[in-house]
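Counting from 1 along the sequence shown, just add 1072 to a position and that's the residue number in the working numbering. Even glycine gets a Cβ: it sits at the ideal position worked out from N, Cα and C.
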Amino acid sequence: RGLHAVIAFAAVAWIVAAALGVIATDFLASMFFPNQGRALHDTYYVVSHVHYQLSLAAIMALLALGAWLARPLSGLATLAFWIMHLAIAATIIPQHFIGALTASDDTFALARHLEAINTLSTIASVIALAAALLLVALIVIGFVRRRRNRP
């Protein structure tokens, strides 16, 4: 209880602090360079990078912490985590390439030559979601089994 509570608190505190740090830095940068916001931030590259850093990396860290605390007995949890990790990479990396090809993120539809890359990213995101749901289910099962085995 003691060590697990400290680890969980530290993980959540780190996530909140990182998010607030990014928000504060972005606010200060927009004060000193107000005209650069749209030119620098309105691309798939920046959008995918920020989403990966602020949400997906934090979710992967929390799921890894949950898997470690629950200690599922099978290797299925490890497999699900790595499938999720690789699928997230396969979701984000194509978006970096779309951004490198100077595609603005405010367009309704991508150009024809970018549709295949976007389709790959979409398929990978569905695989990542399925693996994440499996991992969450395994973590819950691990906690239930652990609770039953306590005297």
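Taking C-alpha positions only, ASN1221 is separated from ILE1199 by approximately 33 Å. Per DSSP, the unbroken alpha helix (DSSP H) holding ARG1217 starts and ends at 1187–1221. Look at GLY1074 here: in three-state DSSP terms it is helix. With 16 or more other Cβ atoms inside 10 Å of its own Cβ, LEU1207 counts as buried.
DSSP, reduced to helix, strand and coil, places GLY1093 within a helical segment of the structure shown. Setting aside the 5 residues that flank it on each side, ILE1160 is surrounded in the same chain by LEU1128, ALA1200, each with a C-beta closer than 6 Å to its C-beta; the list follows chain order.
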